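Presented below is the structure to which this report refers.
Numbering (this note's numbering), first residue to last: 99 to 239.
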C-alpha cells in the first residue's frame with residue numbers, strides 16, 4: 099500500500115507542482131503567517147506559544163494556558179481548527195513534492211523512494227500536537 103502511494107506521487111509530481119508548492123508556501127510565509135502571529139499575540143497577550151516551541155513540558159503548556167486567559171485560550175483553539183489545519187497541509191505539499199522530485203533519480207524498485215512519504219508522519223504528529231494542546235486549553239483549569 100505504501101509503495102503504491104509513493105509510486106503514485108512520483109508519477110504525478112512534475113516541475114509545475116514544484117512551482118505551485120513553492121509559490122503557495124512562499125505566500126503563506128509572507129502573508130498568512132505574520133498575520134496569524136499578530137492575531138495570536140493580540141488574543142493571547144504573550145509571545146510564547148506551543149507552536150513556536152521546539153519542545154515543552156506539561157507544566158509549560160499549563161503556564162501558557164494560564165497566561166492566555168479565557169479569551170486567549172478560546173482564540174488559540176479557534177486558530178488550531180482553522181489556520182493550523184491548512185498550514186500543515188501547505189508544508190506537507192511542499193515537502194512531498196520536493197522530496198519526490200529530488201528522489202526521482204533513484205531506481206523505481208528502491209525503498210529509499212518511500213522517503214517521499216516521510217512528511218506525512220510529521221503532518222500527523224503536528225495534527226496530534228494541535229489536538230492535544232487544544233484539549234488542554236479547552237479543559238483548563
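Glycine included, C-beta positions come from ideal geometry on N, C-alpha and C.
All of these numbers come straight from a predicted model, not from anything done at the bench.
Check: Inspect the CB distances between the region 174-189 and the region 225-234 and report whether three or more fall short of 8 Å.; Outcome: yes
Check: Which stretch, first to last residue, makes up the alpha helix (DSSP H) that contains residue 181?; Outcome: 181-200
Check: Drop a sphere of 10 angstroms on the beta-carbon of residue 104, count the other beta-carbons inside from all chains shown, and report buried for 16 or more, exposed for fewer.; Outcome: buried
Check: Output yes or no for whether 7 Å exceeds the beta carbon distance between residue 111 and residue 198.; Outcome: yes
Check: Looking only at its own chain, which residues have a Cβ that is under 7 Å from the Cβ of residue 189, when we skip the five neighbours before and after it?; Outcome: 123
Check: Decide if residue 113 is buried, meaning its Cβ has at least 16 other Cβ atoms within 10 Å, or exposed.; Outcome: exposed
Check: Between residue 217 and the rest of its own chain, which residues show a CB-CB distance below 6 Å, the 5 nearest in sequence each way excluded?; Outcome: 190, 193, 194
Check: Report the residue from 212, 143, 106, 133 whose alpha carbon sits nearest the alpha carbon of residue 185.; Outcome: 133
Check: Which of helix, strand or coil does DSSP assign to residue 165?; Outcome: helix
Check: Tell whether a beta-carbon distance below 7 Å holds between residue 170 and residue 142.; Outcome: yes
Check: How is residue 232 classed by DSSP in three states: helix, strand or coil?; Outcome: helix
Check: Run through DSSP, which three-state label would residue 205 get?; Outcome: coil
Check: Excluding the 5 residues flanking residue 126 on each side, which residues of the same chain have their C-beta closer than 7 Å to its C-beta?; Outcome: 185, 188
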